[in-house]
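Enquirer: In terms of UniProt numbering, the sequence shown is residues 1 to 650.
My questions will all concern the structure given below.
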Amino acid sequence: MEHTVSPRQETSVKRRRVFSDIINTGVQPPESHARRKSLSFDLVRISPSQTTKKAPANRQTTDMNNRGSGIPTLRNPDRYEKLLNISESLNRKCKVRCSDTPTFTNVSVSDANKQLTERLLAELEELEAEIRRASDDLAAIDDEYSHQNMLQRALKTEMAELNSVLKDHEAKFEYLLAQTTRAVELKQKELDVCLREYRTTLEDSYNNAKFQLENELQQLSVFEDTDTLNKLEKLKKEWQLLQDQLDKQQKQNEETLKELEQKHRLKLKEKEEVHEQMLRSADRELEKKEEALNSIILALKQAEELLSQEQQADAELKAQISAKKTLISDFAAVKADWQEQLCALNSKIRSLSQTEAALDLEIEQAKSAYDDQKQKVVQYHKTSRALEHSISKYGSNRRAFVRVHETLAVTHEDEVCSLKFDKVQAFSASGDFSLEWELHVQECLRGTLAALVFSGKNVNCTEKMTSVLTAIFSGVEALHNSFEFELFVQSVRIERTRLLDLLNRSNGLSMNIKDGTLDLVSQRMAIRGRNDISLAFQNISLTDKATFHIFTAAATPRGDTIPNEKGTGDSKKLSATLILVDLTKFSPLEQAALFDGEGANNEFNLLLKHIFTHNRCLTVCEVDNPNDASALVLLQAIHRSVNYNFSELK
């Protein structure tokens, strides 16, 4: 008896054989765990071994517990850097989680966030209102569009009906026209047949009679009988009468036939006209219907275009609304990010504010030190300029200052450098000549006869004169406790043959120079404050001639005595003058002639001679290029006038 093996038993045997061949390390398992037959095959215990292709473990240190809780953990407690990282992390978490505490910065941040939220909510409400309005408009447009579609369908139905009626009318007209044409053709054919039959019968009767007569004539001509000949003649006459009657009858028949044809044609024309009128009226009605239909179609097209535009605007509005909704939905995440950024920025601002406070303190200290040094430098320059002025005052009564605009064109080898003026410097908008003018002009307040001559280039002489008056008033304010001043001004324009008073625009004035005294009889204007400075020189810019101005300062002492130049004191009323001359309106050569005393105006020559002789005079000259021929002539003339001894002249 053979033993049969089932397929399942065969597979279990194969499994047992395969698992029994597995060898891991050569170590035999314990006897209790060696063979288990619960699954109908042997289980083999595979001991763990070190794999060769295992990924390296993530040994990166971290200060956070990644197993779900927010408690930080310390992997390596012996590392100081790790403690610092944990401390920073805790500080950051405390700042983030404590952002709701009522601190000043966080309150401002929450207020700002609240304002932003309210603004976004207001925008959301506005957008929802716009959506509702747009939806209402869209519903109204849809209703109108459906109404227009219904109207269009009704008009199309009516037009189809009208087209069918028109086609019926056209078919009827064509049918009637064909019937009438066919009837006319049949009638005409019948008439033609009748006429042909009548004509053939007449011709047959005529031919028979003619044939009979000819036969009778031939028979009679054979016998040549007189009676027969007479009968023949009678027959001929009858034949002729019959022929005439036949012709008449034919003519009458033709006329009647023509009349019938004309009447028939008239009837046909009348019928055609009636049908044409009906056709024209139908055409007119059709054109009217077509025009109405075209207008309706055009209106429908316009409505469709408007609807498409509204739909496009609605789509754009929906896109904007979706974008706003997306922005609003992302607001929470953005708000959280902003809060973190604001917390970080607040910490930075606090650190920067401390640094800024320290820097501000350093800047204030440096600025105070700089101001002290600057004040010392200013005082030094003022003292130096005052000493220079005092030294020059006791040295010479005439000085000359030159200001050069084009300094690159001047070298030390030029002739202007050999003239040795009191001061030669480059032009600048904030030049230092104003202090020289101030010190020189304030000499008149101490009882000195001072004079100031502007020459050379015409550069805003009105501003220069205004600065002179400002210097006088600053000196008056400085001596306010010791004196009471009254200041007057006289302004004169000098022409070739006459003098013109600039204050009252008149010629009634006179000037006399005798024994070192200048006597000018003209309009005087009192200047009581700085506000009167612009009134004093309002007419200077209106003239293009040379002018001179005399400022008279009358001083009365407040105390018992006042010091003078000799150091003694008296209580008399002092009066001092300042003569201010503007030569810039002349050309450089004319100015040079005036400085040499050879000018065309004799009164101007006498005035300059008096100023250079009896006054403490300061000549200020501004030139572009001192190497220019005319400028060089002017500078030489000024140098001669400063160094010339006018007292030797008679």
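Idealized CB from N, CA, C, for every residue including glycine.
Terminal residues of the continuous beta strand (DSSP E) containing lysine 609?
Expert: No beta strand (DSSP E) contains lysine 609, which is instead part of the alpha helix (DSSP H) from 602 to 614.
Enquirer: In whole angstroms, what is the alpha-carbon distance linking leucine 594 and valine 620?
Expert: If you take the alpha carbons of leucine 594 and valine 620, they lie about 15 Å apart.
Enquirer: Evaluate glycine 516 with the Cβ neighbour count: other Cβ atoms within 10 Å of its Cβ, from every protein chain shown; 16 or more gives buried, anything less gives exposed.
Expert: Exposed, because fewer than 16 other Cβ atoms sit within 10 Å of the Cβ of glycine 516.
Enquirer: Does the segment 130 to 150 come within contact of the segment 355 to 367, defined as at least 3 CB pairs closer than 8 Å?
Expert: At 8 Å Cβ cutoff, the stretches do not touch.
Enquirer: Report the option in Glu254, Leu166, Ser89 and Leu268 whose CA atom is closest to the CA atom of glutamate 185.
Expert: Nearest C-alpha to glutamate 185: Leu268.
Enquirer: Which residue or residues does DSSP assign as beta-bridge partners of lysine 289?
Expert: Beta-bridge pairing links lysine 289 to no other residue.
Enquirer: With DSSP as the reference, please indicate the residues paired to asparagine 512 in a beta bridge.
Expert: According to DSSP, which records beta bridges pairwise, asparagine 512 is partnered with Asp519.
Enquirer: Counting along the chain, where does the beta strand (DSSP E) carrying arginine 640 start and finish?
Expert: First-last for arginine 640: 629 to 643, but that is the alpha helix (DSSP H), not the beta strand (DSSP E).
Enquirer: Around the C-beta of methionine 150, are 16 or more other C-beta atoms found within 10 angstroms, so that it is buried, or is it exposed?
Expert: By the 10 Å Cβ count, methionine 150 comes out exposed.
Enquirer: Between the C-alpha atoms of glutamate 197 and glutamate 276, what's the straight-line distance to the nearest angstrom?
Expert: Rounded to the nearest angstrom, the two C-alpha atoms are 37 Å apart.
Enquirer: Do alanine 629 and valine 623 come within 7 Å of each other at the CB atom, strictly closer than that value?
Expert: It is not a contact, given that the beta carbons lie outside the stated cut-off.
Enquirer: How long is the line joining the alpha carbons of serine 295 and alanine 303, rounded to whole angstroms?
Expert: Taking the straight line joining both Cα atoms gives about 12 Å.
Enquirer: In the structure shown, what three-state DSSP assignment does histidine 405 receive?
Expert: Of the three classes helix, strand and coil, the one that applies to histidine 405 here is coil, per DSSP.
Enquirer: Scan the segment 360 to 406 and note each continuous beta strand (DSSP E) run of 3 residues or more that stays entirely inside, going in chain order.
Expert: For the segment 360 to 406, whole beta strand (DSSP E) runs of length 3 or above, ordered along the chain, are 398 to 404.
Enquirer: For alanine 333, tell me which candidate among Leu176, Thr117 and Ser351 has the shortest Cα-Cα distance.
Expert: Among Leu176, Thr117 and Ser351, the Cα nearest to that of alanine 333 belongs to Thr117.
Enquirer: Can you give the Cα-Cα distance for asparagine 643 and serine 575, rounded to whole angstroms?
Expert: One C-alpha to the other measures close to 29 Å.
Enquirer: I need the straight-line Cα distance from leucine 166 to arginine 284, nearest angstrom please.
Expert: Roughly 12 Å separates the two Cα atoms.
Enquirer: Going by DSSP, what residue range makes up the alpha helix (DSSP H) through phenylalanine 595?
Expert: From DSSP, the alpha helix (DSSP H) with phenylalanine 595 extends over 588 to 595.
Enquirer: For threonine 577 versus threonine 552, is the C-beta spacing smaller than 7 Å?
Expert: Cβ distance < 7 Å, so threonine 577 and threonine 552 count as in contact.
Enquirer: Exposed or buried, which one is glycine 529 when buried takes at least 16 other CB atoms within 10 Å?
Expert: Glycine 529 comes out exposed.
Enquirer: As a quick exercise: from Gln523, Asn627, Leu306 and Val402, pick the residue whose alpha carbon is nearest that of glutamate 144.
Expert: Glutamate 144 has its Cα closest to that of Leu306, out of Gln523, Asn627, Leu306 and Val402.
Enquirer: Taking only the alpha-carbon atoms, compute the straight-line gap between tyrosine 370 and arginine 498 and give it to the nearest angstrom.
Expert: Answer to the nearest angstrom: the Cα atoms are 57 Å apart.
Enquirer: So who's on the other strand from histidine 549, going by DSSP bridges?
Expert: Answer is Ser491 and Leu580.
Enquirer: Alpha carbon to alpha carbon, how far is aspartate 596 from phenylalanine 488? Give it in angstroms, no decimals.
Expert: Roughly 31 Å between the two C-alpha positions.
Enquirer: Would you report the Cα separation of serine 587 and alanine 366, rounded to the nearest angstrom?
Expert: Each residue's alpha carbon lies about 52 Å from the other.
Enquirer: Which whole runs of the beta strand (DSSP E) in the segment 430 to 474 are 3 residues long or more, in chain order?
Expert: Counting only runs of 3 or more, we get 450 to 456.
Enquirer: Would you identify the three-state DSSP class for aspartate 624, choosing helix, strand or coil?
Expert: In the structure shown, aspartate 624 sits in coil (DSSP, three-state: anything other than H, G, I, E or B).
Enquirer: By Cβ distance below 8 Å, which residues in the same chain neighbour asparagine 615 in space, the five residues on each side in sequence not counted?
Expert: These residues qualify, in order along the chain: Asn397, Leu449, Ala450, Ala451 and Ile579.
Enquirer: From valine 633 to glutamine 591, what does the alpha carbon distance come to, in whole angstroms?
Expert: If I take the Cα positions, the gap works out to 9 Å.
Enquirer: Buried or exposed: valine 378, going by 16 or more other Cβ atoms within 10 Å of its Cβ?
Expert: Burial call: exposed.
Enquirer: Kindly give me the distance between the Cβ atoms of isoleucine 513 and leucine 606, rounded to whole angstroms, as I take these residues to be in contact under 8 Å.
Expert: Rounded, the Cβ-Cβ distance is 5 Å, consistent with contact.
Enquirer: For aspartate 247, name the three-state secondary structure that DSSP assigns.
Expert: Looking at aspartate 247 - three-state DSSP - the assignment turns out to be helix.
Enquirer: Using the C-alpha atoms, what's the distance from leucine 361 back to glutamate 463?
Expert: Taking the straight line from one Cα to the other gives about 42 Å.
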